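Novice:
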Amino acid sequence: MKVYIMAADANNYQNLIPVDNGAFEIYREFNGSPLPNPSVSLCVKILRDDEMNKDLPKSDFPSLASHIPVFSKRAVSVLNELLIANGELVKMDCINCEEPYFAFNVTTTVQALDLDHYELKRFESSGRIMRVIRYCFYPERLKGLTVFKLPELPLQNVFVTDPFV
Numbered sequence: 713m714k715v716y717i718m719a720a721d722a723n724n725y726q727n728l729i730p731v732d733n734g735a736f737e738i739y740r741e742f743n744g745s746p747l748p749n750p751s752v753s754l755c756v757k758i759l760r761d762d763e764m765n766k767d768l769p770k771s772d773f774p775s776l777a778s779h780i781p782v783f784s785k786r787a788v789s790v791l792n793e794l795l796i797a798n799g800e801l802v803k804m805d806c807i808n809c810e811e812p813y814f815a816f817n818v819t820t821t822v823q824a825l826d827l828d829h830y831e832l833k834r835f836e837s838s839g840r841i842m843r844v845i846r847y848c849f850y851p852e853r854l855k856g857l858t859v860f861k862l863p864e865l866p867l868q869n870v871f872v873t874d875p876f877v
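Each residue of the sequence shown is one higher than the one before, starting from 713 at the first, in the working numbering.
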């Protein structure tokens, strides 16, 4: 089974950014567990930057954070069954959007990472994982999965398998 990192194309489509600094505390709650407050308010706006981001087209899957996928209302209507089976949708307050967007809190976690064969980079100061360079998964632990996170890295990538793609 193939596994893909779910990643928005931030260079070619619109990006969303938080309106206030308090959002980063809320982002940490998207950690593979159900949200403590499912009615949490995520206030965002479309990034408008004349040099970096001007005239980028809107997207059904805009960029926000690597561990928080965001979907348009249209994408949610198409993917709803797969999304609801694997997490929670949170309607976002977007101050300059033409249509609603939803943050997706992935709550399906599985210890599928083969710790003997993956390659990673650690922070020198603490030894914490900075990023995984090469993932290796136990195939038998991926059966039946469509969208998931790794419990070892809940604030990093979201993964999808062929049925989602």
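C-beta atoms are modelled at their ideal positions from N, C-alpha and C, and glycine is treated no differently. Because the structure is a prediction, the values reported are computed rather than measured.
1) Excluding the 5 residues flanking asparagine 770 on each side, which residues of the same chain have their C-beta closer than 6 Å to its C-beta?
2) Can you check whether the CB of proline 750 is closer than 8 Å to the CB of valine 870?
3) Run the CB neighbour count on alanine 824, radius 10 Å, all protein chains shown included, and call it buried at 16 or more, exposed below.
4) Quick check for students: name the residue ranges of the alpha helix (DSSP H) that lie wholly in the stretch 755-826, counting only runs of 4 or more.
5) What residue from Arg740, Pro746, Cys755, Thr820 has the CA that sits closest to valine 731's CA?
6) What is the C-beta distance between phenylalanine 783 and phenylalanine 742, in whole angstroms, given that I count them as a contact (C-beta under 8 Å)?
7) So, helix, strand or coil for arginine 853, using DSSP?
8) Contact check, threonine 873 vs lysine 714 under 8 Å by CB: the rounded distance?
9) Classify lysine 855: buried if its beta carbon has 16 or more other beta carbons within 10 angstroms, exposed otherwise.
10) So who's on the other strand from proline 730, going by DSSP bridges?
11) What span of residues does the alpha helix (DSSP H) with glutamate 737 cover, start to end?
12) Taking the Cβ atom as the reference point for each residue, do leucine 832 and isoleucine 845 lie within a distance shorter than 8 Å?
13) Distance, Cα to Cα, tyrosine 813 vs lysine 803?
Specialist: Let me lay it out:
1) Inspection of the sequence shows that residue 770 is occupied by lysine rather than by asparagine. Answer for lysine 770: Gln726, listed in chain order.
2) no
3) buried
4) 785-796
5) Cys755
6) Between phenylalanine 742 and phenylalanine 783 the Cβ distance is about 14 Å, and since that is not below 8 Å, they are no contact.
7) helix
8) 7 Å
9) exposed
10) Val756
11) 735-739
12) yes
13) 6 Å
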